[in-house]
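The sequence shown begins at 1 in the working numbering and counts up one residue at a time.
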Amino acid sequence: MTGVSIYPRARSPYWWIKYWDPVTYGYKAKSSGFKRDDPAGYKRALALARPLSEEARAARDLAPNARWESWVGDWLRTKHRNCARTLECETLRWSWVSSFLEGRKVHGPEGVTYHLGLDYLKWRTSQTKRISKKHPSHNTALSELRFLSRVMREAVRREFITASPLERIGVRADPPAEKREMTDADVATIRKALAEQEGHLPLKDRWMTVCFEIAIHQGCRLRETSLPLADIDLERQQIVLHAKGHKVFTTRLHDGLKPLIAELKAAGMERTCELPRMASKAWHWFLKGRPERNWPAVCPHVCFHSTRVTVVTRMARAGVPIQQAMAYVGYANQLIHRVYQRLAPQDLQLCTAALSFGETSATPRTRDAA
């Protein structure tokens, strides 16, 4: 039998079986439960070992190719070869997942179980962030577990395993915190703080000021604010934005941005701004503050993505048709577009006015009064 042996162990009355374990990708030993002094004990141990031999042979044949380090990295680089940002995010997720799997001695997809996936959620949320000293959120751990599920799906396609135990694990994400709309006072506060922080710098170094103005006028995401100036046509008043998912769309350039764009072009810049590697983190610290370094909070109740919420909400409040608003900010889904609206009850006067049925006041009319 390949990959399996039956042998006596000192100070043990039983026959022992040594076999190749597909979970740990190494040899393991266990007692057969059949005694050595039993005339039929060896044959019974042999019968128990035969299925283990078949599994061991198949596992050992796949072992060199199925180990995580043999294929996951190449698969990620091939899958995301045209999107460096996505590759960076997926590689970071894999660094955490692979660290956990290594600690559990799970060297390939054969060792992944449903309970192991649930254990990952507990393990990940118990870690401590290096800077903030806080624990990662449930949603962060869940996103990494869903990434592992995608890895396992690829393992099924490569015939390393027959089925993935992590398909539809049924663990729900926590509802995200609602992103608030920025008021005029919030915008003024942010602009003032940016002027104090970057006003003395050359235009090419004022990346936060530039990306904020583009976002608050165009409603685009942070990454979309860094774009080639060749994609902005001042004469035709058009701007080409490169959204996530490799989507490219052309929209109208806001009048309020024309002086800034003209200044950037006059300075000979090729892009509107150069975002640093941790741009979103820099904005988080700028708005929320950083207590461990005594950095004050500028506007702690909003985040950078609130610029997009603000643009969508103000267009809805002004009665801009939803098709035009979606074309302006680059939405293809009305449901997603509506998620970003933060209309208050006082913004719905047109709705109540449209539902007039002859009443002269908000007080119900009695039959006698009629």
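Even glycine gets a Cβ: it sits at the ideal position worked out from N, Cα and C.
Item	Value
Under 8 Å between C-beta atoms of H254 and V248	no
P8, enclosing beta strand (DSSP E) - first and last residue	V4 to P8
For K373, the three-state DSSP class (helix, strand or coil)	Because residue 373 is not part of the residues shown, which for the chain are 1 to 370, the question remains open.
Element boundaries [beta strand (DSSP E), containing I239]	Q238 to A243
Contact set for L147: own chain, Cβ-Cβ below 8 Å, skip 5 residues either direction	The sequence given here has Phe at residue 147, not Leu. Excluding positions up to five away in sequence, the list reads E90, R93, W94 and V97.
Nearest-angstrom Cα separation, counted from S126 out to C303	26 Å
Unbroken beta strand (DSSP E) run spanning S12, endpoints	Note, S12: premise wrong, no beta strand (DSSP E); not H, not E.
The alpha helix (DSSP H) enclosing G73, as first and last residue numbers	W68 to K79
Span separating the alpha-carbon of G41 from that of S31	12 Å
Identity of the residues DSSP links to W20 by a beta bridge	Y27
Per-residue DSSP class, three states only, for I232	strand
C-alpha gap between A267 and L203, whole angstroms	8 Å
Continuous beta strand (DSSP E) stretch holding K247: start and end	K247 to R252
Top-ranked residue by Cα proximity to R236, from R252, E224 and H246	R252
E224 vs V309 beta-carbon contact at 8 Å	no
Strand pairing of W295, partner residues [DSSP]	R290
Buried versus exposed, by CB contacts within 10 Å (16 or more), V171	exposed
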